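Participant:
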Amino acid sequence: MAFRLRISGNAAHSIQMSQPTLALLAHTPEREEMTKLTMGQEAAAAVELGVKRGAPTLVAPAAETKGGLYYLSNLDQNIAVIVQTVTKFKCGGFVLGLAINHCMFDGVGAMQFVNSWGETARGVPLSVPPALDRAVLRARDPPQVAFPHHEFAQIDDGDGGGSPAQDGAEQPLLHRSFRFTPESIVRVKALAAGDGDGGRAPTTFEALAGFVWSARTAALGMGRARRSKLLFAVDGRPRFTAPPLPAGYFGNAIVLTSAACAAGELSPARAVRLVRGAAEAVTDAYMRSAVDYFEATRARPSLASTLLITAWSRLPFRAADFGWGPPAAYGPAALPEREVALFLSCAAREGGGVRVLLGLPAAAMAEFERLVDEVIF
Numbered sequence: 001m002a003f004r005l006r007i008s009g010n011a012a013h014s015i016q017m018s019q020p021t022l023a024l025l026a027h028t029p030e031r032e033e034m035t036k037l038t039m040g041q042e043a044a045a046a047v048e049l050g051v052k053r054g055a056p057t058l059v060a061p062a063a064e065t066k067g068g069l070y071y072l073s074n075l076d077q078n079i080a081v082i083v084q085t086v087t088k089f090k091c092g093g094f095v096l097g098l099a100i101n102h103c104m105f106d107g108v109g110a111m112q113f114v115n116s117w118g119e120t121a122r123g124v125p126l127s128v129p130p131a132l133d134r135a136v137l138r139a140r141d142p143p144q145v146a147f148p149h150h151e152f153a154q155i156d157d158g159d160g161g162g163s164p165a166q167d168g169a170e171q172p173l174l175h176r177s178f179r180f181t182p183e184s185i186v187r188v189k190a191l192a193a194g195d196g197d198g199g200r201a202p203t204t205f206e207a208l209a210g211f212v213w214s215a216r217t218a219a220l221g222m223g224r225a226r227r228s229k230l231l232f233a234v235d236g237r238p239r240f241t242a243p244p245l246p247a248g249y250f251g252n253a254i255v256l257t258s259a260a261c262a263a264g265e266l267s268p269a270r271a272v273r274l275v276r277g278a279a280e281a282v283t284d285a286y287m288r289s290a291v292d293y294f295e296a297t298r299a300r301p302s303l304a305s306t307l308l309i310t311a312w313s314r315l316p317f318r319a320a321d322f323g324w325g326p327p328a329a330y331g332p333a334a335l336p337e338r339e340v341a342l343f344l345s346c347a348a349r350e351g352g353g354v355r356v357l358l359g360l361p362a363a364a365m366a367e368f369e370r371l372v373d374e375v376i377f
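The sequence shown begins at 1 in UniProt numbering and counts up by one.
1) Would you say H150 and S258 are within 7 Å of each other, going by their C-beta atoms?
2) Exposed or buried, what is K90 when buried is set at 16 or more other beta-carbons lying within 10 Å of its beta-carbon?
3) Mapping DSSP to helix, strand and coil, what is K90?
4) Compute the Euclidean distance between the alpha carbons of A207 and A279, then round it to the nearest angstrom.
5) Just how far apart, CA to CA, sit A311 and P142?
6) Since R298 is in the alpha helix (DSSP H), which residue starts that stretch and which ends it?
7) Let me check one thing: in DSSP terms, what residues is I82 bridge-paired to?
8) So the candidates are L315, C346 and L307; which of them puts its Cα closest to the Cα of E337?
9) Judging by CA-CA distance, which residue of V136, R187 and R298 is the nearest neighbour of P243?
10) Grouping DSSP H, G and I as helix and E and B as strand, with all else coil, what is L266?
11) Whole angstroms are fine: how far does the CA of G123 sit from the CA of M365?
12) Is DSSP giving T241 helix, strand or coil here?
13) Quick one: Cα of L96 to Cα of A299, how far?
14) Could you pull the start and end residues of the beta strand (DSSP E) that R179 belongs to?
15) How far does the alpha helix (DSSP H) with G331 in it reach, from first residue to last?
16) Work out the CA separation of R288 and M104 for me, nearest whole Å.
17) Closer than 6 Å by C-beta to V145: which residues in its own chain qualify, once you throw out the five before and the five after it? Chain order, please.
18) Which residue marks the beginning of the beta strand (DSSP E) containing G359, and which one marks its end?
19) Tell me the rounded alpha-carbon separation between G93 and R318.
20) Relative to the C-alpha of S228, which residue among V212, M111 and S305 is closest?
21) Using the Cα positions of T85 and P327, report the straight-line distance between them to the nearest angstrom.
22) By Cβ distance below 7 Å, which residues in the same chain neighbour P301 in space, the five residues on each side in sequence not counted?
23) Measure the C-alpha to C-alpha separation of G221 and N252 and round it to an integer number of angstroms.
24) Between which two residues does the alpha helix (DSSP H) harbouring V212 extend?
25) List the DSSP bridge partners of I185.
26) For V291, which beta-bridge partners are listed by DSSP?
27) Going along the chain, which residues of its own chain have a beta-carbon closer than 7 Å to the beta-carbon of C346, five neighbours each way excluded?
28) From which residue to which residue does the alpha helix (DSSP H) around F250 run?
Shown next as structure tokens:
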């Protein structure tokens, strides 16, 4: 995650001084208790980098670099909750780069943290005091798995035609960003009515997720009988009801849900219906069953023949303010997996809309671009 801002003064000093402690994740014996957060009394370290025109040399205490990005190399030890880098530019702006451990909180929690951090740096009270009791989402004892959890199901890469090579699993990726304007989103939503099912109008997320899933599946040239799976996260905060989560809950409250379909039957309209059904299936009972399922199995979702959509389009990035106003730009430093597509909201000065970021092999990307252009233009 990265933010670009314009400033005066020492950004690294201002940001570092707002952090009183260093936190580490300490692993506990398997299944005995939840991961512990250990707080120390020393100040958290902030790395300050400088970039001059014509000489973009970066210096940082990291052992490995790739593509100009710095990575931690001691992940087998106690794991830092957050690592931050401040890169200053001669123009007076800076980039705040954050690496945040997902064991601690989800995207909503991450932005709650960043925005609270900015409020602390400005010396104002927290607008959303964090509720820190992670045990409220502890698995039940014994676990009570009441639903099938297809999000963890394995799809055979060779099932139904096509091959991993055809799907690009062994090919380098091209990464592209596609902006869907408000007008093009209306056109994408119209595709969902193509089969005349008479249902309610789709939300922006349902329409875009269905379109991207359908277009990506077609672009990869999967065999018609081969199953294609979609995964996406649902925020459980408004859906936990028995009991509800406390206001300002700070942790992981997302649940993955899934849909699957034979590639040859995955029209945009059907994809939207499947996305809607997958989202509506996420109830309080389903989410608590998912927590118990993970406790009982320690399973990881399979990404074979899968698109994983992560939606940042509703996260309040522009509320982040360390004293110099909202960020000029924001977004991910990279996509974590080749199966991931990310939705990011466009700023008002761009005219609004949603930006979709994803990676595909060259031939598949050309076909995906063609399918997108049919809607955008």
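Backbone N, C-alpha and C define an ideal beta-carbon position, used for all residues, glycine too.
As the structure is a computational prediction, the values presented were derived from the model and not from experiment.
Facilitator: In this structure, then:
1) As a first step, residue 150 must be located in the sequence shown, where it is residue number 150. As a first step, residue 258 must be located in the sequence shown, where it is residue number 258. Cβ atoms of H150 and S258: closer than 7 Å.
2) In the sequence shown, counting from the first residue as 1, residue 90 sits at position 90. Exposed, by the Cβ-count rule.
3) By 1-based counting over the sequence shown, the position of residue 90 is 90. Here K90 sits in coil by DSSP.
4) Mapped onto the sequence shown, residue 207 falls at position 207. Mapped onto the sequence shown, residue 279 falls at position 279. When the Cα atoms are used, A207 and A279 turn out to be separated by approximately 13 Å.
5) For this step, residue 311 is matched to residue 311 along the sequence shown. For this step, residue 142 is matched to residue 142 along the sequence shown. Answer to the nearest angstrom: the Cα atoms are 33 Å apart.
6) Along the sequence shown, one-based indexing puts residue 298 at 298. Neither: R298 is in no alpha helix (DSSP H) and is coded neither H nor E.
7) Sequence index remark: in the sequence shown, residue 82 carries index 82 (1-based). In the DSSP output, where bridge partners are listed per residue, I82 has I100.
8) In the sequence shown, residue 337 corresponds to position 337, counting from 1. E337 has its Cα closest to that of L307, out of L315, C346 and L307.
9) Within the sequence shown, the letter at position 243 stands for residue 243. Ranking V136, R187 and R298 by Cα distance to P243 puts V136 first.
10) Numbered from 1 along the sequence shown, position 266 holds the residue referred to as residue 266. When DSSP states are grouped into helix, strand and coil, L266 belongs to the coil group.
11) Residue 365 sits at position 365 when you count from the first residue of the sequence shown. Residue 123 sits at position 123 when you count from the first residue of the sequence shown. Roughly 47 Å between the two C-alpha positions.
12) Taking the first residue of the sequence shown as position 1, residue 241 is located at position 241. It is coil, neither helix nor strand.
13) By 1-based counting over the sequence shown, the position of residue 96 is 96. By 1-based counting over the sequence shown, the position of residue 299 is 299. CA-CA distance, L96 to A299, rounds to 34 Å.
14) The sequence position of residue 179 within the sequence shown is 179, counting from 1. Per DSSP, R179 belongs to the beta strand (DSSP E) from L174 to F180.
15) The residue labelled residue 331 in the question sits at position 331 within the sequence shown. First-last for G331: A329 to G331, but that is the beta strand (DSSP E), not the alpha helix (DSSP H).
16) Along the sequence shown, read from residue 1 onward, the residue named residue 104 stands at position 104. Along the sequence shown, read from residue 1 onward, the residue named residue 288 stands at position 288. Approximately 18 Å between the Cα atoms of the pair.
17) Indexing the sequence shown from 1 puts residue 145 at position 145. Cβ neighbours of V145 within its own chain (closer than 6 Å, five residues either side excluded): S289, D292 and Y293.
18) Translated into the one-based positions of the sequence shown, residue 359 becomes position 359. Run containing G359: V354 to L360, per the beta strand (DSSP E) assignment.
19) Here residue 93 refers to the residue found at position 93 when the sequence shown is read from its first residue. Here residue 318 refers to the residue found at position 318 when the sequence shown is read from its first residue. When rounded, the distance between both Cα atoms is 16 Å.
20) For the purposes of this step, residue 228 is identified with residue 228 of the sequence shown, where counting begins at 1. Checked all of V212, M111 and S305; the closest Cα to S228 is S305.
21) To locate residue 85, count along the sequence shown from 1; it is residue 85. To locate residue 327, count along the sequence shown from 1; it is residue 327. Cα to Cα, T85 sits roughly 16 Å from P327.
22) Within the sequence shown, numbered from 1, the residue matching residue 301 stands at position 301. Its chain contains E151, F152, L231 and L256 as the residues whose beta carbon lies nearer than 7 Å to that of P301, once the 5 sequence neighbours on both sides are disregarded; these appear in chain order.
23) For the purposes of this step, residue 221 is identified with residue 221 of the sequence shown, where counting begins at 1. For the purposes of this step, residue 252 is identified with residue 252 of the sequence shown, where counting begins at 1. Roughly 35 Å separates the two Cα atoms.
24) Taking the first residue of the sequence shown as 1, we reach residue 212 at position 212. For V212, the enclosing alpha helix (DSSP H) starts and ends at T204 to A219.
25) Here residue 185 refers to the residue found at position 185 of the sequence shown. None; I185 has no bridge partner.
26) Numbered from 1 along the sequence shown, position 291 holds the residue referred to as residue 291. Beta-bridge pairing links V291 to no other residue.
27) Your numbering for residue 346 matches position 346 in the sequence shown. Counting only Cβ-Cβ distances below 7 Å, and skipping sequence neighbours, we find R179, G352, G353, V354 and R355.
28) Here residue 250 corresponds to residue number 250 of the sequence shown, with the count starting at 1. No alpha helix (DSSP H) contains F250, which DSSP labels as neither H nor E.
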